[in-house]
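Participant: Reminder that position 42 of the sequence shown reads as 759 in this note's numbering, one-by-one numbering, no gaps.
We put the beta carbon where it would ideally sit given N, CA and C, even for glycine.
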Amino acid sequence: MADRQGSWPAAEPPPPGYLPPRDLPPPLFSGPPPRPTYREPHPVTAGPVISGLAATTVWFVLFGSLGDDLGSYAWWTVGAAIVAWAVAAVLAVIGDRGVAVGVAVASGLGLSVALLVTTLRWVTTQDWPLW
């Protein structure tokens, strides 16, 4: 590879209007630029969340009361939780996100209670109650 023997060409000056004018003094105490404010277009408030919690609690009570023993109660609760999660997903996409949060929280709690009771029965009796 051949070495370059000449010097680099000089840089051309920038086009007119590219650099700021030098005759203006710098502003005193300018500070940082104002920060943008981002606001949620549809904020989640407490009312819809509580209504989603209440509706899902009623949903789980109704479905849980269909079972006559622990196994059927657990299966009805699992089915109710799957339907509630699907409803929460639809509400989060095209509905009220506050209600979706309430539905998701209540369904998670309801399913946790059912699985806790099932696990406690399994541990105490050494018999899996869902089969």
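1. Going by alpha carbons, who is nearest to glycine 815 out of Pro765, Gly827, Leu745, Ala771?
2. In the DSSP assignment, find the unbroken alpha helix (DSSP H) run with threonine 836 in it and report its ends.
3. For the alpha helix (DSSP H) that contains tyrosine 790, what are its first and last residues?
4. Is it a yes or a no for the stretch 828-840 touching the stretch 791-809, going by three-plus beta-carbon pairs under 8 Å?
5. Are tryptophan 802 and serine 824 close, meaning C-beta to C-beta below 9 Å?
6. Give the straight-line distance between the Cα atoms of leucine 808 and alanine 817, rounded to the nearest whole angstrom.
Facilitator: Let me spell this out:
1. The count along the sequence shown starts at 1 and reaches residue 815 at position 98. Checked all of Pro765, Gly827, Leu745, Ala771; the closest Cα to glycine 815 is Pro765.
2. Taking the sequence shown and counting its residues from 1, one reaches residue 836 at position 119. Threonine 836 -> alpha helix (DSSP H) spans 814-842.
3. Here residue 790 corresponds to residue number 73 of the sequence shown, with the count starting at 1. From DSSP, the alpha helix (DSSP H) with tyrosine 790 extends over 787-811.
4. yes
5. Within the sequence shown, residue 802 is the residue found at index 85, counting from 1. Within the sequence shown, residue 824 is the residue found at index 107, counting from 1. Cβ atoms of tryptophan 802 and serine 824: closer than 9 Å.
6. The count along the sequence shown starts at 1 and reaches residue 808 at position 91. The count along the sequence shown starts at 1 and reaches residue 817 at position 100. Between leucine 808 and alanine 817, the C-alpha separation is close to 5 Å.
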